[in-house]
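In the working numbering, the protein residues as written are 331 to 447.
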């Protein structure tokens, strides 16, 4: 078995569909699609593709460490206590454990992600 997994965005598996928890919804009706691509045997490290439609919701990372690379779209990340940061295609960032804030989606946004719980 190969030790490489390629992310072919033109041939993704069936996505999981989701929405923010009702108490975390801030504005609009954002919808999530999540394509799970790979994970470690213990499930602590995962990678995939995620897409969200316009709207806004509270993002709470808890103990999760997540690397994100924006593939398309426009969003704002508004970390509690900090100025909003606009993210667009080509931007990369890390959301550290304990992050709380609002993810405001201006245009449907897709990202590649790797997380560790």
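A virtual CB, placed ideally from N, CA and C, is assigned to each residue, including glycine. Quick caveat: nothing in here was measured; it's all calculated off a predicted structure.
Residue i to residue j span [Cα, whole Å]
i           : j           : result
residue 356 : residue 379 : 23 Å
residue 333 : residue 395 : 23 Å
residue 339 : residue 410 : 32 Å
residue 369 : residue 375 : 6 Å
residue 442 : residue 412 : 24 Å
residue 425 : residue 337 : 21 Å
residue 291 : residue 362 : Outside the displayed span of the chain (331 to 447) sits residue 291, for which this structure offers no information.
residue 342 : residue 381 : 12 Å
residue 408 : residue 415 : 6 Å
residue 349 : residue 400 : 19 Å
residue 419 : residue 344 : 23 Å
residue 373 : residue 358 : 32 Å
Cβ-Cβ distance between residue i and residue j below 8 Å
i           : j           : result
residue 392 : residue 427 : yes
residue 438 : residue 383 : yes
residue 402 : residue 440 : yes
residue 417 : residue 386 : no
residue 423 : residue 398 : yes
residue 389 : residue 444 : no
Three-state class that DSSP yields for residue i in the structure shown
i           : result
residue 346 : strand
residue 409 : strand
Those residues which DSSP pairs with residue i across a bridge
i           : result
residue 362 : 348 and 382
residue 425 : 396
residue 376 : 369 and 445
residue 390 : 430
residue 338 : Residue 338 is not bridged to any residue.
Closer than 7 Å: residue i CB and nearest the ligand ZN heavy atom
i           : result
residue 340 : The ligand ZN is not part of this structure, which contains no ligands at all.
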